[in-house]
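To start, the structure itself, in structure tokens.
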Amino acid sequence: MGQNRIWFGLAGIFAMISMTVPTASALEKSYINGIDANFPPFAYVDKTGKPAGFDVDAIDWIAAKLGFKVKHQPMDWDGIIPNLNAKKIDFIASGMSINPEREKVVNFSIPYYDIKQVFVGKKGSGLTVDDVRTKKMKLGVQRGTTEAEWLKTEAEKQGWNFTLTYYDSAPLAIEDVVNGRIAAAAMDDAPAEDAVTKKPVEILGTFGMKEEKFGIAVRKEDKELLEALNKGLTMLMADPYWQVLIEKHLKK
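If you count the sequence shown from 1, position 6 lands on 1400 in the numbering used here, and the numbers rise without skipping.
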């Protein structure tokens, strides 16, 4: 995956580095990060049962640098923002797209990744994006995602006649593509590229949704925590470890 997809923003980095960081006493001693348990390469539970992924490693680094402990708590994606605002978790660093609807109920950190949405079909199927949109096919999508809402709304506007099938995770939708239960799945391009390395599937192309950016979500009132996470992200993106994370998780 191209390095230019990651947010470096040097001018912004240097500006952020000059920020006053909340002291260790101002921060809590430990936080809970809510994650999607099945969203590789950003967040998932590995074969040993431990949380893993780009975002998990990034937050662990930030926690070590800023002097707090963090636990990564897997949970259902469609309930993750309600759980944040119910104070069952403290923030969400798990490949969450920044969009106006979510910004009504949470605040986001500086962006750290650009994402596109794509259709994924079975390898060798010969399907095109237009086939999926117009030929009465079953299209899988993870519930609670921005692409799920966009596809539902846009299908009504454009007269597309696919049938949406909802899943708890993108990998589950991929399994049904492989097994022939659905024609294609819609998802972010990074997990789609991850799926291509593991399953007999291929990316059909983008389907018209605008590019989005990932950020860390926090409660509206947690301004000191947001400031600390912004500082941590800024430090991380300026550190050689950022490239290590890219190589480890995002370049296949």
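We put the beta carbon where it would ideally sit given N, CA and C, even for glycine.
Bear in mind the structure is a predicted one, so any value in this text is a computation, not a measurement.
Whole-Å CB distance - residue i paired with residue j, under 8 Å assumed
i: residue 1558; j: residue 1535; result: 6 Å
i: residue 1563; j: residue 1432; result: 4 Å
i: residue 1484; j: residue 1620; result: With a Cβ gap of about 11 Å, residue 1484 and residue 1620 do not count as contacting.
i: residue 1607; j: residue 1508; result: 6 Å
i: residue 1526; j: residue 1533; result: 6 Å
i: residue 1465; j: residue 1424; result: 7 Å
i: residue 1672; j: residue 1644; result: Beyond the ends of the chain as shown, which are 1395 and 1646, falls residue 1672; an answer cannot be given.
Cβ neighbours of residue i in the same chain (closer than 7 Å, five flanking residues each side left out)
i: residue 1515; result: 1521, 1571, 1577, 1578, 1595, 1596 and 1598
i: residue 1600; result: 1510, 1511 and 1512
i: residue 1455; result: 1630 and 1635
i: residue 1472; result: 1537 and 1538
i: residue 1422; result: 1462
C-beta atoms of residue i and residue j nearer than 8 Å
i: residue 1480; j: residue 1427; result: no
i: residue 1502; j: residue 1610; result: yes
i: residue 1450; j: residue 1475; result: no
i: residue 1588; j: residue 1435; result: yes
i: residue 1544; j: residue 1490; result: no
Beta-carbon proximity list for residue i, same chain, < 6 Å, skipping 5 on both sides
i: residue 1555; result: 1530
i: residue 1560; result: 1537
i: residue 1637; result: none
Neighbourhood of residue i by C-beta distance below 8 Å, restricted to the same chain and skipping five residues each side
i: residue 1439; result: 1431, 1432, 1445, 1446 and 1468
Pair every Cβ in the region 1555-1574 with every Cβ in the region 1588-1603, then say whether three or more of these pairs are closer than 8 Å. The region 1555-1574 vs the region 1588-1603: in contact.
Three Cβ pairs or more, each shorter than 8 Å: is that satisfied between the region 1632-1639 and the region 1530-1544? Counting Cβ pairs under 8 Å, fewer than three are found: no touch.
Are the region 1614-1626 and the region 1540-1550 in contact at 8 Å, needing three or more beta carbon pairs? Not touching, per the Cβ criterion.
What beta strand (DSSP E) runs, 3 residues minimum, are completely inside the region 1570-1604? Counting whole runs of 3 or more residues, the region 1570-1604 contains the beta strand (DSSP E) stretches 1578-1582 and 1595-1600.
Would you mind listing the beta strand (DSSP E) stretches within the region 1513-1562 that are 3+ residues and don't spill past its ends, in chain order? Listed in chain order, the complete beta strand (DSSP E) runs (minimum 3 residues) inside the region 1513-1562 are 1532-1536 and 1557-1561.
Sequence ranges, beta strand (DSSP E) only - wholly within the region 1440-1507, length at least 3: Uninterrupted beta strand (DSSP E) stretches at least 3 residues long and entirely within the region 1440-1507 occur at 1463-1469 and 1485-1491, given in chain order.
Residue ranges of each alpha helix (DSSP H) within the region 1609-1638, 4 or longer: Counting only runs of 4 or more, we get 1617-1631.
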